[in-house]
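Report on one structure; see the data block that follows.
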Amino acid sequence: MSAKRFSALVLAGLMVLGLGTAEAKVRKGDRAADFVSVKDAAGKKIALKSYKNQVVVLTFGASWCKPCGKELPAYEKLAKKYDKKKVIFIAVNIDSKVSKGKAFMKKAGVSSMLGLYDPKSSTVESYDPPTMPSTFVIKKGIVKHVHAGYRSGDAAKIKKVIDKNL
4 MSAKRFSALV
14 LAGLMVLGLG
24 TAEAKVRKGD
34 RAADFVSVKD
44 AAGKKIALKS
54 YKNQVVVLTF
64 GASWCKPCGK
74 ELPAYEKLAK
84 KYDKKKVIFI
94 AVNIDSKVSK
104 GKAFMKKAGV
114 SSMLGLYDPK
124 SSTVESYDPP
134 TMPSTFVIKK
144 GIVKHVHAGY
154 RSGDAAKIKK
164 VIDKNL
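Quick note: to get my numbering, add 3 to the position in the sequence shown (first position is 1).
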């Protein structure tokens with residue numbers, strides 16, 4: 004684990020404990036970082052710029068993250084409500100083994116979302132999310148919203164942000 008990723012996770016832990024404030028490197032209003040090395044389930048490299056004409060709901064998570072296991076099914080349900088030509092949900096898994104990430108996504112019922120894998124954490128480091136999971140809503144390459152963590156009801160908040168950006 005890189006020092007940068009370790010620092011982000013420590014800050015996230017402090018935030019949960021109320022001992023500090025964690026903030027994403029990529030913030031609302033910033034240009035979204037393109038993907039560095041993510042691949043889909045078939046091993047094809049994917050670029051964020053491929054979705055420049057869509058609202059992108061980008062979430063980072065991993066199998067060891069309990070809230071991630073609750074977030075993905077909620078986002079999957081939400082993803083089914085939108086036209087994929089207008090809104091794309093992308094789940095980037097950062098498990099060090101792609102097989103573990105695939106099993107996690109399958110267990111979470113991901114089918115309408117685009118599941119991507121970043122075992123080297125290159126892309127997650129460029130976003131430096133404040134906690135796991137973290138969600139970025141992007142339109143025309145610009146971050147419109149950053150949401151840290153996941154609690155029941157958060158999908159409704161993300162839906163409002165999506166609808167505002169359609």
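We put the CB at the ideal spot given by N, CA and C, even for glycine.
Would you report the Cα separation of T24 and F92, rounded to the nearest angstrom? Reading the sequence shown from its first residue, position 21 is the one you call residue 24. Reading the sequence shown from its first residue, position 89 is the one you call residue 92. Here T24 scores only 45 on pLDDT, less than 50, and its place in the model should not be relied on; the value that follows carries that caveat. Cα-Cα distance, rounded: 27 Å.
Buried or exposed: where does K87 fall if 16 or more other Cβ atoms within 10 Å of its Cβ makes it buried? Taking the first residue of the sequence shown as position 1, residue 87 is located at position 84. The residue in question, K87, is exposed, as its Cβ has fewer than 16 Cβ neighbours within 10 Å.
The segment 64 to 75 in contact with the segment 128 to 135 per 3-pair CB rule at 8 Å: yes
DSSP-derived helix/strand/coil call for T62: Translated into positions along the sequence shown, residue 62 becomes position 59. Here T62 sits in strand by DSSP.
I'd like the list of long-range same chain contacts for K31, defined as Cβ closer than 8 Å, with 5 residues on each side in sequence excluded. Along the sequence shown, one-based indexing puts residue 31 at 28. For K31, where only same-chain residues beyond five positions count, the Cβ hits under 8 Å are V146, K147, H148 and V149.
Would D131 be called buried (16 or more neighbouring beta carbons within 10 Å of its own) or exposed? Along the sequence shown, read from residue 1 onward, the residue named residue 131 stands at position 128. Buried, by the Cβ-count rule.
Which class does I97 belong to by DSSP, given the choice of helix, strand or coil? On the sequence shown, position 94 is the one that residue 97 refers to. Coil.
Taking DSSP's pairing of strands, which residues face Y120 in a bridge? Residue numbering aside, residue 120 sits at position 117 when the sequence shown is read from its first letter. BP columns for Y120 point to K42 and N96.
Cut-off 7 Å between Cβ atoms - residues of its own chain near K89, not counting five sequence neighbours on either side: For the purposes of this step, residue 89 is taken as the residue at position 86 of the sequence shown. Excluding residues within five positions, the ones whose Cβ falls inside 7 Å are Q57, V58 and L169.
Buried or exposed for A94, please, with buried defined as at least 16 other CB atoms from any protein chain shown within 10 angstroms of its CB. Locating residue 94 in the sequence shown gives position 91, counting from the first residue. Classification for A94: buried.
Let's see if you can read the secondary structure: which residues bound the beta strand (DSSP E) around A159? Numbered from its first residue, the sequence shown carries residue 159 at position 156. Where A159 is concerned, there is no enclosing beta strand (DSSP E), although the alpha helix (DSSP H) it sits in stretches over D157 to N168.
Just the Cα atoms here: how many angstroms apart are E128 and P76? Mapped onto the sequence shown, residue 128 falls at position 125. Mapped onto the sequence shown, residue 76 falls at position 73. For E128 and P76, the distance between alpha carbons rounds to 25 Å.
Report the partner residues of S137 according to the DSSP bridge assignment. Taking the first residue of the sequence shown as position 1, residue 137 is located at position 134. In DSSP, S137 forms a bridge with F63 and A151.
Go ahead and pull the three-state DSSP assignment for V146. On the sequence shown, residue 146 is found 143 positions in, with the first residue counted as 1. V146 falls in the strand class under three-state DSSP.
In whole angstroms, give me the CA-to-CA distance for R34 and A106. Locating residue 34 in the sequence shown gives position 31, where the first residue counts as 1. Locating residue 106 in the sequence shown gives position 103, where the first residue counts as 1. Those two C-alpha atoms are separated by around 32 Å.
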